[in-house]
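Following: one structure in structure tokens, then a few remarks.
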Amino acid sequence: MQNLFSFRFSENIWRVMPDADPFSSLWAIELRNPDSREVSFAVIDTDNLAVKWQRHVEGTDWWTSLTAFSDHHIYLHNYRYPEVPEPTDLLAVNVETGLLSWILPNHLLVSNAGNGLLEIATKQGDSFKHLHCNAATGEVQPLMAAPTEPGEEIILTEPVRYNEGNRYFGQLAQFINNATGGHNPAAIDYLEKRPYIIFSYYIYEQDKTVQYLLIVTDQKQQVLHEKLSEEREGTGRSTMMLKASTLVYLKNSNEFSSLTLS
10 MQNLFSFRFS
20 ENIWRVMPDA
30 DPFSSLWAIE
40 LRNPDSREVS
50 FAVIDTDNLA
60 VKWQRHVEGT
70 DWWTSLTAFS
80 DHHIYLHNYR
90 YPEVPEPTDL
100 LAVNVETGLL
110 SWILPNHLLV
120 SNAGNGLLEI
130 ATKQGDSFKH
140 LHCNAATGEV
150 QPLMAAPTEP
160 GEEIILTEPV
170 RYNEGNRYFG
180 QLAQFINNAT
190 GGHNPAAIDY
200 LEKRPYIIFS
210 YYIYEQDKTV
220 QYLLIVTDQK
230 QQVLHEKLSE
240 EREGTGRSTM
250 MLKASTLVYL
260 KNSNEFSSLT
270 LS
């Protein structure tokens, strides 16, 4: 196992998304500064141990959100009417430069249709009209049956959350207690990548929630035990995911870290 990369942003990491290409080492990051109410985006290359770029993207605002990453672009949704939880515009950002490639007002992304096409939709009255668009140029085309490009599926795994009351929680909590010399978890996120077993767990310390990462082998050999954050206000959502052999996890809400499991 090797520590691949770690980078601390000044903004909070709000969303992390891998490239849909299973052979790509690129990850898109949505960053938010709640004080200035600004959103920015970044792309990290975990193979080359580098942040390719980080910037405020033209045409975005506080309500913009990262929605997909494929075809050498990251795709964003704008919400022109924040009181309505429905995207209004679709933006594409070049993954190499971080510059806006195209924008489709009044359209939203439905799915990747393969063969360099996206399925999009635009509202017409109370329903939606579905279309295709060129992923690279944004050129809109009539919807047609398009076979999905052959290839391997993305290997992306997110952990299973175990809380008190779950039938497996007691057994996992006891394992963590034994491995750490006394930690009693309140919630456990669990991943497997044989021969590794990965836990992200939360304990209570002085009325605050503290999060740890624990990695052991299936022979119960401890590989890593690290504090990820302290003084959290709750257990929140999962802060780790696995793509192929790369484990990505967040520390203190603003630090991106990755390990390769081999």
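Residue 171 in the working numbering is what sits at position 162 of the sequence shown, and the numbering runs on without skipping anything.
Note that the Cβ used here is the ideal one computed from N, Cα and C, for glycine as well.
Local Cβ density within 10 Å of T248, reported as buried at 16 or more and exposed below that: In the sequence shown, residue 248 corresponds to position 239, counting from 1. Label assigned to T248: buried.
Alpha carbon to alpha carbon, how far is A130 from K138? Give it in angstroms, no decimals. Within the sequence shown, the letter at position 129 stands for residue 138. Within the sequence shown, the letter at position 121 stands for residue 130. K138 and A130 have their C-alpha atoms spaced approximately 5 Å apart.
Compare the beta carbon distance of N121 and A29 with 8 Å and say whether it is the shorter of the two. Working through the sequence shown from its first residue, we reach residue 121 at position 112. Working through the sequence shown from its first residue, we reach residue 29 at position 20. Contact flag set, yes.
Residues in the same chain with beta-carbon distance under 8 Å from N83, minus the five sequence neighbours each way, listed in chain order, please. If you number the sequence shown from 1, residue 83 lands on position 74. For the record, residue 83 in the displayed sequence is Ile; it is not Asn. Contacts found: M26, A37, F50, V52, L75, A77, A101, V102 and V104.
Using only the alpha-carbon positions, how far apart do H9 and I212 sit? Given that the chain is displayed from residue 10 to residue 271, the structure contains no residue 9 and the question cannot be resolved.
Please list the terminal residues of the continuous alpha helix (DSSP H) segment that includes F178. In the sequence shown, residue 178 corresponds to position 169, counting from 1. That run of the alpha helix (DSSP H) goes F178 to T189.
Got a sec? Which residues, its chain only, sit under 8 Å from V232 by beta carbon, not counting five neighbours each side? For the purposes of this step, residue 232 is taken as residue 223 along the sequence shown, with counting starting at 1. Excluding residues within five positions, the ones whose Cβ falls inside 8 Å are M10, Y205, I224, V225 and T226.
Please report the distance separating the alpha-carbon of L200 from that of R17. Here residue 200 refers to the residue found at position 191 of the sequence shown. Here residue 17 refers to the residue found at position 8 of the sequence shown. One C-alpha to the other measures close to 24 Å.
By Cβ distance below 7 Å, which residues in the same chain neighbour A188 in space, the five residues on each side in sequence not counted? What you label residue 188 is simply residue 179 of the sequence shown in a count that begins at 1. L223, V225 and Q231, listed in sequence order.
For D98, the first and last residue of its enclosing beta strand (DSSP E): Here residue 98 corresponds to residue number 89 of the sequence shown, with the count starting at 1. Taken as a continuous stretch (DSSP letters only), the beta strand (DSSP E) holding D98 covers D98 to N103.
Mapping DSSP to helix, strand and coil, what is N263? For the purposes of this step, residue 263 is taken as the residue at position 254 of the sequence shown. Looking at N263 - three-state DSSP - the assignment turns out to be coil, as it is neither helix nor strand.
Under the three-state DSSP convention, the category E92 falls into: By one-based count along the sequence shown, residue 92 stands at place 83. Coil.
Is H141 closer than 8 Å to L127 when the C-beta atoms are compared? Locating residue 127 in the sequence shown gives position 118, counting from the first residue. Locating residue 141 in the sequence shown gives position 132, counting from the first residue. Yes, the Cβ-Cβ distance between L127 and H141 is below 8 Å.
So, helix, strand or coil for K217, using DSSP? Taking the first residue of the sequence shown as 1, we reach residue 217 at position 208. The answer is strand: DSSP assigns K217 an E or B state.
Given Q228 as reference, the closest of R203, P194, V219 and T218 once Cα atoms are compared: On the sequence shown, position 219 is the one that residue 228 refers to. Of the residues R203, P194, V219 and T218, the one whose Cα lies closest to the Cα of Q228 is R203.
Could you have a look at L256 and say whether DSSP puts it in helix, strand or coil? Counting from one through the sequence shown, the residue named residue 256 turns up at place 247. L256 falls in the strand class under three-state DSSP.
Against chain B, does F50 count as a neighbour if the rule is that its beta carbon must be under 8 Å from one of theirs? Going by chain labels, chain B is absent from the structure shown, which holds only one protein chain.
Hey, quick one: how far does the beta strand (DSSP E) through N172 stretch, first residue to last? As a position in the sequence shown, residue 172 is number 163, starting the count at 1. Note, N172: beta strand (DSSP E), V169 to N172.
How big is the Cα-Cα spacing for I185 and S110? Stepping through the sequence shown from its first residue, residue 185 is reached at position 176. Stepping through the sequence shown from its first residue, residue 110 is reached at position 101. The alpha-carbon atoms of I185 and S110 are separated by roughly 47 Å.
Using a Cβ-Cβ cut-off of 7 Å (strictly less than) and excluding sequence neighbours within five positions of E161, which residues of its own chain qualify? Here residue 161 corresponds to residue number 152 of the sequence shown, with the count starting at 1. The predicted position of E161 is uncertain, since its pLDDT is 49 and thus under 50; no value can be drawn from it.
Could you work out which residue in S238, L268, T269 and P194 is closest to N261 when comparing CA atoms only? The residue labelled residue 261 in the question sits at position 252 within the sequence shown. N261 has its Cα closest to that of S238, out of S238, L268, T269 and P194.
Cα-Cα separation, D135 to I207: The sequence position of residue 135 within the sequence shown is 126, counting from 1. The sequence position of residue 207 within the sequence shown is 198, counting from 1. Cα to Cα, D135 sits roughly 46 Å from I207.
Within a Cβ cutoff of 7 Å, which residues of the same chain sit near R41, ignoring the five residues on either side of it in sequence? Residue 41 sits at position 32 when you count from the first residue of the sequence shown. Excluding sequence neighbours, R41 sits near E20, N21, W23 and V48.
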